[in-house]
Amino acid sequence: MSDSNDFGEWDFIGRRGGEVVTLVGASVISAVPEAKQAAEKARRELRFDFLDDRAVLALLHRRHDDEEDMFKAGLVHGVPLALVGFGAAIYWGGVAQYWETAAARTVYLAVAAAVVGVQFLFFVRSALSVWGDPVRQNLRARARSYREIAHIARRGGADVPAFYPHYGPYPFAAKFHPEVADRAQPDGSGGSGGSNSSDGSDSSGSEGSDDHH
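According to our numbering, the sequence shown is numbered sequentially starting from 97.
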């Protein structure tokens, strides 16, 4: 990840390990009527002001932190699971299946299944704690909606980079939960670009008030 000292006031990291991207101002997006209408509709549905530059910037910083945490959650338990599973299969294929007694082979299979099963449970628990967190899902739903709004503006002729803001649509783990209150930051996520603020729920900022283009 780029050093936070390289960040400008309106910069964020477009994706995990990616380059620093500059926020497209709300005035650029709202200049396209269809995009402005989509932003207003999404504001009502997702309780977030997509035309408040500072709120959107905080949202994108948090979305980057969330993607980092998703990757770490998969890495910490996914790699051991893959190694243990692969090792158990190789040992079975090269050694254990040729043992003379059926009892010994059965014991090996039982122990191997138990070890792999425990690793799998750790992986699932870790994944669900990040992917299934409703506050994080709200964050992803808002980031996904912002991406859709930005691309409506791009198709309407606005100066919006391709793939901006460089996060995937996340068809999974991005359901909005209106009954869930936001918290300042998802558990365990670090700062990205020095932003620890809320994701801007119920933001009262004026549309385009922080125009920087």
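Glycine residues also receive a C-beta, built at the ideal position from the N, C-alpha and C atoms.
Assign Asp255 to one of two classes, buried (16 or more other C-beta atoms within 10 Å of its C-beta) or exposed (fewer than that). exposed
So, with DSSP's three-state summary, where would you put Phe108? strand
Ile245 and Phe146: beta carbons closer than 7 angstroms? yes
So which of Arg250, His262, Tyr260, Lys271 has the shortest CA-CA distance to Ala131? Arg250
Pick helix, strand or coil for Val180, following the three-state DSSP scheme. helix
Distance, His273 Cα to Arg232 Cα: 10 angstroms
Can you check DSSP and say which residues form a bridge with Thr118? Asp107
Give the single residue among Val276, Val180, Leu142, Gln193 whose Cα lies nearest to the Cα of Asp229. Val276
Run the CB neighbour count on Ala209, radius 10 Å, all protein chains shown included, and call it buried at 16 or more, exposed below. exposed
Selected residue, minimal CA-CA separation from Asp149, among Gly114, Ser126, Gly252: Ser126
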